């Protein structure tokens with residue numbers, strides 16, 4: 039094993055705080071892409087091929103070209119600076135896998151709820167489930183090339199969100215954009231969830 043591989047495998051000795059983030063969203067909104075974009079280690083993926091068995095069970099409208107789907111979780115790691123590391127857990131989007139959310143959410147600071155405006159109605163149940171479970175979340179609208187552009191206030195109304203629910207836009211394929219979305223989540227929740235320490239740790243080193 040070469041030294042570069044070793045450096046990627048272990049976090050720096052200077053790291054003093056770890057944050058766990060859960061990433062959820064409807065089928066095909068870009069959760070796996072997000073984890074793959076930002077993870078500094080080879081992401082752990084549990085994907086299976088989309089087969090005929092999904093017909094009538096999973097809604098493929100708008101994502102007809104999708105060939106694989108997460109069936110357990112995606113896992114990645116992001117060292118934000120020399121003091122703070124983030125562990126990312128991407129949850130399956132299909133309702134039949136939502137029972138896994140409790141385990142994946144244990145110990146998480148908060149949730150990044152990824153939304154696709156081309157299929158906005160499919161996010162209603164996801165957001166309702168987060169509210170039911172009392173999980174703090176930020177809504178992150180993934181920008182696809184053909185996504186309609188809506189102001190945050192309009193989206194908040196369409197999704198029946200409270201005024202204090204953050205709504206941001208990002209591109210899951212773009213590393214910098216995806217990292218900004220994750221930092222927004224931590225900054226918006228850390229004060230009430232973990233105290234000022236996490237927010238301070240996000241400041242540039």
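Numbering (my numbering), first residue to last: 39 to 243.
Yeah, the Cβ is synthetic: ideal placement off N, Cα and C, and Gly gets one too.
Here the structure is a predicted model, which is why all the values come from computation and not from measurement.
Minimum C-alpha distance to residue i - residue among the options
i	options	result
residue 218	160, 150, 191 and 189	150
residue 194	225, 220 and 159	159
residue 191	202, 52 and 226	202
residue 119	50, 168, 59 and 67	50
residue 76	64, 59, 138 and 154	59
residue 223	161, 205 and 200	205
residue 163	178, 197 and 183	197
residue 129	227, 48 and 67	67
Spatial distance of residue i from residue j (CA atoms)
i	j	result
residue 54	residue 116	14 Å
residue 136	residue 56	25 Å
residue 127	residue 82	10 Å
residue 244	residue 187	Residue 244 falls outside the range modelled here, since the chain spans only 39 to 243, and no answer is possible.
residue 209	residue 185	11 Å
residue 141	residue 71	22 Å
residue 132	residue 52	39 Å
residue 138	residue 65	15 Å
residue 155	residue 180	8 Å
residue 216	residue 178	9 Å
residue 167	residue 161	10 Å
residue 214	residue 112	19 Å
residue 226	residue 172	16 Å
residue 121	residue 182	33 Å
Three-state class that DSSP yields for residue i in the structure shown
i	result
residue 200	coil
residue 140	helix
residue 206	strand
residue 67	coil
residue 79	coil
residue 182	coil
residue 112	strand
residue 195	helix
residue 128	strand
residue 172	coil
residue 146	coil
residue 122	strand
residue 49	coil
Presumed contact (8 Å Cβ cut-off) between residue i and residue j, rounded CB distance
i	j	result
residue 16	residue 69	No statement about residue 16 is possible, as the shown extent of the chain runs from 39 to 243 and does not include it.
residue 174	residue 145	At roughly 13 Å, the Cβ-Cβ gap does not stay under 8 Å, so residue 174 and residue 145 are not in contact.
residue 114	residue 73	4 Å
residue 220	residue 124	6 Å
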